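Protein chains in written order, with our numbering: chain A, 9 to 379; chain B, 3 to 321. What follows is a set of notes on a single structure, which appears directly below.
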Amino acid sequence: MSLQSIQSKGAGCSPALAFAGSVCLCEAYDLGISNPTMIVPENRISVEEYIAIHHGPCSFDDIEKYWRDYAIEPERLFGFLRSQSETFDLGPRAGNWANIHSVPVSNETSSELAVRAGKHLLNGFSGAASKIAAIIYYSATLSSRPAWSTSCRLHFELGLKCDTSFTVGQKGANASYAALRVAAEMLHVEQLEKVLLIGSEVFAPPHSRMFSGFSIQGDSASALLLGRGEYDFRLVCVGLFDFMEQPPIAADNAYGVLLDYWSEAAGAALTHLLEAAGMSTEKIAFVLPPGCNPELLCRIAERLRLPWGKFDCGALCEVGSLGSSDLVLNLNRISRSGVLLPGDEIMAFGFSSDGAVCGSILRYEPRRGAI
Amino acid sequence: MSAQVMPQAKKTVGLMGCSYYLPPSITVDELAQATGMSATLRSMYVENHGLRRVHIAGEESALDMTEQAVRRLLEKHNLHPLDVDTVILYHTLNFLSLEPKTFVSAVQRKLGLEHAVAFSVAGQHCASPVTALRVARNMLLAGSARNVLLVGCDFFVGSLQREIHGISLQGEGASCAILQNHCATNQIIAISTYVDGSLYKGTAAAEDEFDKFDLIYYFACYQLIRNTLKKAALAMDDIRLIIPHNINRPSWHKILSTLKCGEDRLFADNIERCGHVCSADLMINLSDAIEAGRLQKGDYFMLFTVGLGAVWACAILQH
Chain A
9 MSLQSIQSKG AGCSPALAFA GSVCLCEAYD LGISNPTMIV PENRISVEEY
59 IAIHHGPCSF DDIEKYWRDY AIEPERLFGF LRSQSETFDL GPRAGNWANI
109 HSVPVSNETS SELAVRAGKH LLNGFSGAAS KIAAIIYYSA TLSSRPAWST
159 SCRLHFELGL KCDTSFTVGQ KGANASYAAL RVAAEMLHVE QLEKVLLIGS
209 EVFAPPHSRM FSGFSIQGDS ASALLLGRGE YDFRLVCVGL FDFMEQPPIA
259 ADNAYGVLLD YWSEAAGAAL THLLEAAGMS TEKIAFVLPP GCNPELLCRI
309 AERLRLPWGK FDCGALCEVG SLGSSDLVLN LNRISRSGVL LPGDEIMAFG
359 FSSDGAVCGS ILRYEPRRGA I
Chain B
3 MSAQVMPQAK KTVGLMGCSY YLPPSITVDE LAQATGMSAT LRSMYVENHG
53 LRRVHIAGEE SALDMTEQAV RRLLEKHNLH PLDVDTVILY HTLNFLSLEP
103 KTFVSAVQRK LGLEHAVAFS VAGQHCASPV TALRVARNML LAGSARNVLL
153 VGCDFFVGSL QREIHGISLQ GEGASCAILQ NHCATNQIIA ISTYVDGSLY
203 KGTAAAEDEF DKFDLIYYFA CYQLIRNTLK KAALAMDDIR LIIPHNINRP
253 SWHKILSTLK CGEDRLFADN IERCGHVCSA DLMINLSDAI EAGRLQKGDY
303 FMLFTVGLGA VWACAILQH
């Protein structure tokens, strides 16, 4: 059973924060997530160091250093990257980074990190390869090898024989949720067994590691299997919510305005997600938030009337935000923490800077041999 | 190689309509002059490959082109932007936006698609629209969407570097299609793809990687088409028209000959007229083929394209 749920104005939301929402109710599909796998580079950059070296718009030297194999001339690529990066950087804001001390930084490309994540997952789960019917790659950041196809590379380097491998993107850090949704519907409609989802993020300049003044983002790769049979987290629903009003990053007192925007947006979207799934907040045992400022997360907890103790923010202090890898990072952490009991309902969510909130409700149903 | 085919009972998702927008074009001779292309290469593209023109966006942005294409489609089918509940962007080139901006959200806002959620399906270069079709069909069959707008745009940010290794020249443009469940037109019968990821570097691939691509290209085309026909329980003779990518003429001569299929069943009008417009080829050709009356009610037709990466993609639909 699934439901298309659309509303032009979110419940309890200011009129300016109208959103379109689409919730896939997939509990009856009997699909689940197994083997949430993370690759987190050991190299770190401290927040202070990043702020010190972060001087705004990128230079041509940055492009020469990080970007290769141009599909177009380097000066055209530079013009494109520069034009895209002109307006979004809020710059350093002391005191907003909460407990984040450093974030992981990769010397590898996002494509290489993705291959490592895929190999790591498959090494730990022999026999999965023959069951994988599709590979879906997800990412918020643009690969510094723009002519390459990371999804095709994964198909090649992982030695898989499945008939398709593609990328789901244009959803910022919520690309993982969009990919999860696409995979769930593919598995259900086409009656497939498993889909391998792999994501990676490398914030090569001019990508900014700063997310709207709320967090600093690190490099990483993540992978999971979604499918039938053995799994740990049953997929109850996945929702995508697009807000027509963009986050007002250019406003005076941008931090305060953004705090209002994102807490209201997340509160409205997640309320809608819970309603669509027919669930009350009391049923949620844990909330897995994106790696961002606890002040914002506290506001969201208040809006949802969820006890702050249910928010698992441990990953935030360790690595900051990992973009689209946050979902898998949190599932990986909580599945190893020993706090989960069979039947626990978990709500995970994320933001994307262009004005979207996505979320998923999962039920912990551990099965032997899945992890 | 395996083909994925939807059960016959679910054969209700259809492509209600499609449209496109092309910016002005220049001749291959003009492109050759502007880029210093050798006379030998120029001659190969024109005399041998049958390419004549290349579309260049000039002052128009990717968003301008996309807006034009979508507005034409919505007007033609009397659809209001608020009727659209899902937008799926497909593209060959990646120069559309950089995190934290997304091109697809700019499209949503520009066109007032206020009831739609949006994301992209890509990574297969020119084969991405067929996979976008597959994702859209799944959403419609799962009941989580009612009107899915597929939108494609390719933009070279002012570059005239348009060659694909002696194979073709790439143009800029935007295309789109609207898909619905229980749609009487252009119903999707089968969709299949085949991936050989060894060419993942795309246009930046090395000489030996292109050699391998050349070696397997025709066999993969043949196998995928046969396989898709078999799963759709159709024979090549049942296909009224092939809607191709506009890579070049000689490759299609060879594919048709392998399939023992007459050239009258290939919609090749646009190879000369507009050349290869990256991910837009299929929707441009389908739109023009329908407009030209090349498809009658009940005709089966085939969308076929290949993306560097490499991905071969085939879809069979019934008009």
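Just so it is clear, CB atoms sit at the ideal spot from N, CA and C, and this is done for glycine as well. Quick caveat: nothing in here was measured; it's all calculated off a predicted structure.
Whole-angstrom C-beta distance between residue j and residue i, which should lie under 8 Å
i, j, result
"residue 22 of chain B", "residue 285 of chain B", "6 Å"
"residue 339 of chain A", "residue 195 of chain A", "Residue 339 of chain A to residue 195 of chain A, Cβ: 18 Å. No contact."
"residue 319 of chain B", "residue 126 of chain B", "So it is not a contact: roughly 19 Å between Cβ atoms."
"residue 46 of chain A", "residue 329 of chain A", "So it is not a contact: roughly 14 Å between Cβ atoms."
"residue 48 of chain B", "residue 54 of chain B", "7 Å"
Beta-carbon proximity list for residue i, same chain, < 7 Å, skipping 5 on both sides
i, result
"residue 103 of chain A", "The pLDDT assigned to residue 103 of chain A is 45, lower than 50, so where the model puts this residue is not dependable, and the model offers no usable value."
"residue 25 of chain A", "18, 251, 253, 272, 273 and 276"
"residue 350 of chain A", "372, 373 and 374"
"residue 172 of chain B", "164, 166, 278 and 280"
"residue 53 of chain A", "110, 111 and 113"
"residue 306 of chain A", "316"
"residue 69 of chain B", "112 and 113"
"residue 86 of chain A", "68 and 71"
Neighbourhood of residue i by C-beta distance below 6 Å, restricted to the same chain and skipping five residues each side
i, result
"residue 305 of chain B", "245, 284 and 317"
"residue 183 of chain B", "14, 15 and 142"
"residue 318 of chain A", "294 and 295"
Cβ of residue i within 8 Å of any chain A Cβ
i, result
"residue 121 of chain B", "yes"
"residue 68 of chain B", "no"
"residue 30 of chain B", "no"
"residue 203 of chain B", "yes"
"residue 95 of chain B", "yes"
"residue 141 of chain B", "yes"
"residue 35 of chain B", "no"
"residue 161 of chain B", "yes"
"residue 1 of chain B", "For residue 1 of chain B there is no data in the structure shown, the boundaries of chain B being 3 and 321."
"residue 213 of chain B", "no"
"residue 1 of chain B", "Here chain B covers residues 3 to 321 and nothing more, so residue 1 of chain B does not appear."
"residue 199 of chain B", "yes"
"residue 117 of chain B", "yes"
"residue 221 of chain B", "no"
"residue 25 of chain B", "no"
"residue 313 of chain B", "yes"
"residue 281 of chain B", "no"
"residue 130 of chain B", "yes"
"residue 56 of chain B", "no"
CB contact below 8 Å: residue i versus chain B
i, result
"residue 159 of chain A", "yes"
"residue 154 of chain A", "yes"
"residue 117 of chain A", "no"
"residue 139 of chain A", "no"
"residue 277 of chain A", "no"
"residue 28 of chain A", "yes"
"residue 280 of chain A", "no"
"residue 358 of chain A", "no"
"residue 393 of chain A", "The requested residue 393 of chain A does not occur in the structure, where chain A is confined to residues 9 to 379."
"residue 114 of chain A", "no"
"residue 222 of chain A", "no"
"residue 369 of chain A", "no"
"residue 173 of chain A", "yes"
"residue 98 of chain A", "Unreliable placement is indicated for residue 98 of chain A, whose pLDDT of 48 sits below 50; the coordinate value is still reported in the next sentence. With 8 Å as the cut-off, residue 98 of chain A does not count as an interface residue toward chain B."
"residue 266 of chain A", "no"
Same chain only: Cβ atoms within 8 Å of residue i, ignoring 5 sequence neighbours per side
i, result
"residue 157 of chain A", "175"
"residue 185 of chain B", "14, 15, 16, 17 and 18"
"residue 110 of chain B", "89, 116, 118 and 120"
Beta-bridge partners of residue i, as assigned by DSSP
i, result
"residue 246 of chain B", "B/306"
"residue 23 of chain B", "B/176"
"residue 355 of chain A", "A/295 and A/369"
"residue 313 of chain B", "B/197 and B/309"
"residue 218 of chain A", "A/224"
"residue 41 of chain A", "A/234 and A/241"
"residue 204 of chain A", "A/143 and A/233"
"residue 278 of chain B", "B/172"
Residue i Cβ short of 7 Å to the ligand ZN heavy atom set
i, result
"residue 181 of chain A", "Among the ligands in the structure shown, none appear at all, so the ligand ZN cannot be discussed."
Going along the chain, which unbroken runs of the alpha helix (DSSP H) with 4 or more residues stay wholly within the stretch 220–306 of chain A? 262–284
What are the complete alpha helix (DSSP H) segments, minimum 4 residues, inside the stretch 31–62 of chain B? 41–45
Which runs of the alpha helix (DSSP H) spanning at least 4 residues fall entirely within the stretch 108–167 of chain B, listed in chain order? 130–144
Beta strand (DSSP E) runs contained entirely in the stretch 120–187 of chain A, provided each spans 3 or more residues: 140–146 and 173–177
Output the residue ranges of the beta strand (DSSP E) runs that lie fully inside the stretch 211–262 of chain B and measure 3 residues or longer, sorted by chain position. 241–246
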